[in-house]
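Chain order of the listed sequences is B and H.
For the first sequence, position 57 matches number 57 in my numbering, and the numbering has no gaps at all.
For the second sequence, position 242 matches number 530 in my numbering, and the numbering has no gaps at all.
We put the CB at the ideal spot given by N, CA and C, even for glycine.
Protein chains: 2
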Amino acid sequence: MTYPDDLVELVESYLGRIRFGEDSDVSPLTEAMQYSLLGGGKRIRPVLLMATMRAYGASPETALPTAAALEMIHTYSLIHDDLPAFDNDILRRGQPTCHVKYGESIAILAGDALFAEAFRLICERQEAVPAVILAVMREISEATGVRGMVGGQYLDVSGNTTSEAQLGLMHRLKTGRLIAACVYCGGLLAGVGGAELDNLTGFAAELGLLFQIKDDILDVIGDTAVLGKQAGADARLKRSTYASIYGLEKAQELARRSMLLALEALARVKGSTETLAVVTNYIYERQR
Amino acid sequence: MTYPDDLVELVESYLGRIRFGEDSDVSPLTEAMQYSLLGGGKRIRPVLLMATMRAYGASPETALPTAAALEMIHTYSLIHDDLPAFDNDILRRGQPTCHVKYGESIAILAGDALFAEAFRLICERQEAVPAVILAVMREISEATGVRGMVGGQYLDVSGNTTSEAQLGLMHRLKTGRLIAACVYCGGLLAGVGGAELDNLTGFAAELGLLFQIKDDILDVIGDTAVLGKQAGADARLKRSTYASIYGLEKAQELARRSMLLALEALARVKGSTETLAVVTNYIYERQR
């Protein structure tokens, strides 16, 4: 089996149809949002959500508003992360970053607006009973707040990540928590509950860790042309990474171990997990 | 009657008890969030929500999670608005602004985190049937996105607000939309629906306009010491305001007209609207 490009196409097409505002007065803002959102990529977060739906025989299409919202939130985090006050990155997916193209104030607002519009999309478009939609929003708001993405982003810029424990916490919050939320929300929308949701969470947490170790490795060995963003950014910013703390070889070993643990956790999940296994493998093998 | 300080105390005490993260690793981030959130003020947005509850005989306490969330969202917008890329303000409520005190990256993240935690608070703590909570979140997400607060913030920095129509749109989106959402959500949580919700909306829209006209006037005639922020910022930034487009005298006339229209709209509301009338008057009379 190969990466589920059918799910990528579903979400690409849905994202491309979203209209953020009819009002032409705000069109440079919505253009900046779309510029960053429609920049391509493997759409790992929406794919994870929809692959989880598929594992339980639920139609992936029914989760599209939430799938798109997760990609919008990821995009918002990239836009803010690229800002001069953070990584000061000029390239993303092979194109100028949002603030390079539109200026800093529009980039900050484009991130802010993508976050609000992501919640709006779930509230307005996601079909499910209100209690389930509310549970999805609870999970996503926690995954993006202090105990999730933004908390991790803070730890990353604070520089307090020199110990292995701190580095682990930072990655769990910054990347792992939202990756885990994608799988968890897929379970919620597919009607999964109880112990099986815990099984999914176990898999998702390990997957989030794998994703980040691999990201750190690619920043060292990756090629700017293939990555679509500047390689070596972590070293330039003197950030602690799995590669800098453990060394490249050990980091690669950790990635392999994390991949095996993720597949082991996935084996405890009762649904049909072929697609989720493929995505796990893709995350481990990816070159960008 | 005077301004409902009992409602202010309710929300102050609730805000003061919120813990954003037990994790000491992220404490400078949560400190920055609390620094900006607990800076005082008249808490107009939560008060409007709770005064609307009161108008229909519902207990204001039951709306506290949403009330606090609205203040957190307002605070997030102030933090981002004060950034160097926007107004570059150094004073807010008589204290250094968030980025002056904590640095730009922490200030951006504090705003981002307040937004996420606001949604989390509503999802986790607001007691009501899920369909009503979902309606509240739909309203707030729309009021803070492209067709609301962030869209208005964009128009403000874009400088495309030289005509009366553009200035009106900017103010309706930037300030009016969230002010209106407070009243609307108060109605939703009190169980109001149908035509009466429309009556509330009519009042709320006019109130939002009044608030902004008054803000523009205070920026010209206000005293930095009383305002707690630098007066004259609009002129320094060459922003179009009601004062710059209409002149001070006409702007004051417009504020008075807007106040009367708000009270007229409030007269169509069927609940016991004394507190809402007092808040309207306060917004008109305020010196900061």
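Burial state of residue i (16 or more Cβ within 10 Å)
| i | result |
| --- | --- |
| B:Q34 | buried |
| H:G474 | buried |
| H:S451 | exposed |
| B:K214 | buried |
| H:Q414 | buried |
| B:M170 | buried |
| B:T2 | exposed |
| B:D5 | exposed |
| B:K238 | exposed |
| B:R54 | buried |
| H:G481 | exposed |
| H:A523 | exposed |
| B:G148 | buried |
| B:G289 | Lying before the first or after the last residue shown, residue 289 of chain B is absent from chain B, which here runs from 1 to 288. |
| H:E573 | exposed |
| H:S324 | buried |
| H:E349 | exposed |
| H:A483 | exposed |
| B:S13 | exposed |
| H:D375 | buried |
Residue i - DSSP class collapsed to helix/strand/coil
| i | result |
| --- | --- |
| B:L91 | strand |
| B:P84 | coil |
| B:P96 | strand |
| H:V420 | helix |
| B:T2 | coil |
| H:D486 | helix |
| B:T162 | coil |
| B:Y56 | coil |
| H:V445 | helix |
| H:R426 | helix |
| B:R43 | coil |
| B:S240 | coil |
| B:G152 | helix |
| B:G208 | helix |
| B:V192 | coil |
| H:K558 | coil |
| B:V146 | coil |
| B:K229 | coil |
| H:D511 | coil |
| H:R460 | helix |
Whether residue i touches residue j by CB criterion (8 angstroms)
| i | j | result |
| --- | --- | --- |
| H:G490 | H:Q575 | no |
| B:A190 | B:T52 | yes |
| B:G176 | B:A205 | yes |
| B:A243 | B:D216 | yes |
| B:I108 | B:L83 | yes |
| H:L498 | H:Y472 | no |
| B:I106 | H:Y364 | no |
| H:A565 | H:L549 | no |
| H:I428 | H:A469 | yes |
| H:A404 | B:G145 | yes |
| B:E104 | H:A373 | yes |
| H:T362 | H:R408 | First, the amino acid is wrong: residue 362 of chain H is His here, not Thr. Their beta carbons are not under 8 angstroms apart, which means H:H362 does not touch H:R408 by this criterion. |
| H:M360 | H:L295 | no |
| H:I571 | H:L461 | no |
| H:G399 | H:I367 | yes |
First and last residue of the uninterrupted alpha helix (DSSP H) at residue i
| i | result |
| --- | --- |
| H:R544 | L536 to A555 |
| B:R17 | D5 to R17 |
| B:Y184 | R177 to L189 |
| B:A235 | A233 to R236 |
| H:T568 | E562 to E573 |
| H:Q322 | S315 to L325 |
| B:F20 | It is not in any alpha helix (DSSP H) - B:F20 carries neither H nor E in the DSSP assignment. |
| H:L397 | E392 to R413 |
Contacts that residue i makes with chain C (C-beta to C-beta distance below 9 angstroms)
| i | result |
| --- | --- |
| H:T385 | In the structure shown, chain C does not exist; the protein chains are B and H. |
Proximity test, residue i beta-carbon vs the ligand GTP heavy atom, cut-off 7 angstroms
| i | result |
| --- | --- |
| B:E12 | Of ligands this structure carries none, so the ligand GTP is not represented either. |
Contact list for the stretch 398–418 of chain H against chain B, Cβ threshold 7 angstroms: D400, A401, F403, A404, E405, F407, R408, C411, E412 and P418
Against chain H, which members of the stretch 131–151 of chain B pass a CB distance test of less than 7 angstroms? A131, I133, L134, M137, R138, S141, E142, T144, G145, V146, R147, V150 and G151
For the stretch 41–67 of chain B, which residues have a CB atom closer than 9 angstroms to at least one CB atom of chain H, in sequence order? none
With 8 angstroms as the C-beta to C-beta threshold (strictly closer), list the residues of the stretch 302–316 of chain H near chain B in chain order. F308, G309, D311, D313, V314 and P316
Below 8 angstroms between beta carbons is the criterion; list the residues of the stretch 445–457 of chain H that meet it against any residue of chain B, in chain order. V445, S446, N448, Q454 and L457
In the stretch 363–380 of chain H, which residues sit with their C-beta less than 9 angstroms from some C-beta in chain B, listed in chain order? Y364, S365, H368, L371, P372, A373 and F374
Of all the residues that make up the stretch 198–219 of chain B, which are near chain H by a beta-carbon distance shorter than 8 angstroms? none
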